[in-house]
Each structure stands twice: as C-alpha cells, then as structure tokens.
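In terms of our numbering, the sequence shown opens at residue 778 and continues consecutively. Quick reminder that beta carbons are idealized off the backbone N, C-alpha and C, glycines included.
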Amino acid sequence: MGTKEIENAPMFHRSVICRAALVLLPCLGLFIAGAGAQTRPERVASLNLCTDQLLLALADRGRISSLSRLAGDPSLSFLADKAAGLPRNDGGAEAVLFARPDLVLTGTYGQQEQGVLLRRQGLDVMTFAPWTSLEQGRSQIRALALRLGHPNRGEDLIARIDGSLERARGMVSGQPSLLVYERGGWVMGPRSPIGEVLVQMGFRLHQGALGLTEGGVARLETIVTNPPDFMLVDEASNQAVDNGTALLAHPALTEAVPRTRRLALPARLTICGGPSTPAAIDALSAEVQAKIR
C-alpha cells in the first residue's frame, strides 16, 4: 500500500489504508481470525500500519517478527519510536511465507489476497477491519490481546480510551456544527470513531446539512454557501503543498471558516484506531479548550 493512498484516507479509518475508508470495507466486521492453533504465538508479523500499532502496544517486543515499512514513519506511525530497530516487511505474502511467523496480522484494504494465500499455506492470520466505532475498536483490542496472551494489556488500553472519552464528554455547549474535512474535499460518513467522539463532546455533525449523510466529496461552493461553525482538519492542511491540500487552503474556504474556527490534529493520531486513540481524544479536547471554550 502506498503513501498516496494513506494521504487520501479519512481520519481514524485509515488502514494502510483506505480511501473507501472512513468507509473502508466496514462490512467485513470486527476481525476475521485464521483457523490456526490458539497457543500464544512466539513470532508475530504485521503487514499493515494499523495492525503495527496494535502489535507494538500489546505484544512483547521479542515476539515481533516484522512490521510494515510505514511503522517507523513518525508522520504516520504513532508508535514509530517503539518500532525502531525491529525488522520490516514489504507487505507481500512471499516474504512472510519465507519467515513463517506463528501469526500474521493484516488489514482489510488491499490485503485480502495476501491473507487468503497465507491461510492456504497453513499460516495463522488475523485480519482487522478499520474501526467504524469505538466499540468495534474495543472488541479488536480484546481479541488481539487475548490471542497474544496479554488480555490485561488490552484492558489497560481500553481503559485509557474510555478515560479520555469520559473527560471529553459534554465539554462543548450549544451543539455547534462541525465538519470533518479531509484533503481533496473528502467528508467522512456517519459511522466513525471520530464522529462518535465529536457527538459525545457536544458537536452536531454537519455533513447531513451538505446532503452527504453517508459521506463523500463536498464541493467548495457547497461548503462556502452553507458553512459549519467549526471544521476538523489535518494539522498539515495549513499549507497547500499539493492538489489534495490546495482546497483546504482556498481563500473562499478560509473566509467561510477561518483558521480560528478550525480544530487541527496530526495525521499520526487519526490514521489508525488503537494506542493513538486516547492521545487523539486528548488533543481534540485541547483544541476545543483553546478555540471554543
């Protein structure tokens, strides 16, 4: 999976990653577990940025066989520092077959063929869909933590997510409207962890007012004529560095929704659900306190 696909994927749903995505094959459910033995795996490989994060958070370091090439990129990987010094794979089935780990973690976007091939060759594979809700995320964390033999680590991570969510709940009064606006004009759909967090904070999501109840691409004119009270954008969107970010820096949009009314989060907090989620909620709360309250 290439970096271009990641850049085009919506918040919290990028599973190295998915532009169909906040949106990204959610119908596949929480996870699909391989039929291999359920003893604690000695060597675990991850082929996906988001499963990298879960593996780094829940596994013993010595049991990590390899991670995806993006695991060490600090602009995308929340746990890039923990990934330092660990082997990398190219995301393909061939190298994994050669290494023969006891368990392989994959995503649902663009990795179905690898998963099928690896299972046919007798490898134990767990495939994780991008989060479409926090409850789905909790289930994934519990499933992987149990499989790795560390259920308490999973519960600790869930407790951190729930603690951050509880602190953020109800902090915005008056139900101001907010649009989660991505590079290229992408607007998230209704089923997403970030949307869930925003609603619990007290925001009213604005995509329905634009006629995009299921998400999609919002034209600049549509937003300018019916602007939200606030926008949530990628931290890197302040400058137009390519066609994808040019829209976010357009003067008409800046006039309709000034930067003082834009909440911004770094991509490494929002690309994947998992260990970055408590930090993402806390960072969003800090933005709210700085720009709204």
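Whole-angstrom distance between residue j and residue i, CA atom to CA atom
i	j	result
residue 1061	residue 1040	7 Å
residue 944	residue 1043	20 Å
residue 951	residue 863	48 Å
residue 1022	residue 913	30 Å
residue 919	residue 830	14 Å
residue 821	residue 894	17 Å
residue 868	residue 884	10 Å
residue 1057	residue 977	14 Å
residue 1025	residue 933	37 Å
residue 983	residue 991	12 Å
residue 819	residue 975	39 Å
residue 870	residue 881	10 Å
residue 896	residue 866	18 Å
residue 860	residue 838	9 Å
residue 879	residue 832	14 Å
residue 987	residue 1011	20 Å
residue 817	residue 936	24 Å
residue 1063	residue 917	27 Å
residue 1027	residue 927	48 Å
residue 1013	residue 959	11 Å
residue 907	residue 1067	30 Å
residue 1038	residue 889	40 Å
residue 851	residue 985	34 Å
residue 891	residue 874	10 Å
residue 999	residue 1069	24 Å
residue 966	residue 840	37 Å
Sub-7 Å separation of residue i and residue j beta-carbons
i	j	result
residue 1059	residue 941	yes
residue 922	residue 930	yes
residue 938	residue 1055	yes
residue 1048	residue 853	yes
residue 925	residue 834	no
residue 876	residue 842	yes
residue 1050	residue 970	yes
residue 964	residue 989	yes
residue 981	residue 909	no
residue 994	residue 962	yes
residue 905	residue 1045	no
residue 972	residue 949	no
residue 1029	residue 1001	yes
Per DSSP, cross-strand counterpart(s) of residue i
i	result
residue 902	881
Residue i at chain B interface by Cβ criterion, 7 Å
i	result
residue 930	The question asks about chain B, but that chain is absent: this structure has only one protein chain.
Tell me whether the stretch 814–826 and the stretch 844–860 touch, counting them as touching only if at least three CB pairs, one residue from each stretch, are closer than 8 Å.
The answer is yes - the stretch 844–860 touches the stretch 814–826, with three or more Cβ pairs under 8 Å.
Can at least three beta-carbon pairs, one atom from the stretch 1001–1009 and one from the stretch 951–961, be found at a separation below 8 Å?
yes
Validate contact between the stretch 1023–1042 and the stretch 895–904 using beta carbons, cut 8 Å, 3 pairs
no
Run through the stretch 971–1056 for me and flag every whole alpha helix (DSSP H) of 4 or more residues, listed as ranges in chain order.
Entirely contained in the stretch 971–1056, the alpha helix (DSSP H) runs reaching 4 residues are, in chain order, 997–1002, 1020–1023, 1028–1033 and 1044–1047.
If you scan the stretch 924–979 from start to end, which runs of the beta strand (DSSP E) of 3 or more residues do you find wholly inside it?
954–957
Starting from the N-terminal side, write out each stretch of the beta strand (DSSP E) that is 3 residues or longer and does not extend beyond the stretch 812–885.
821–823, 841–845 and 880–884
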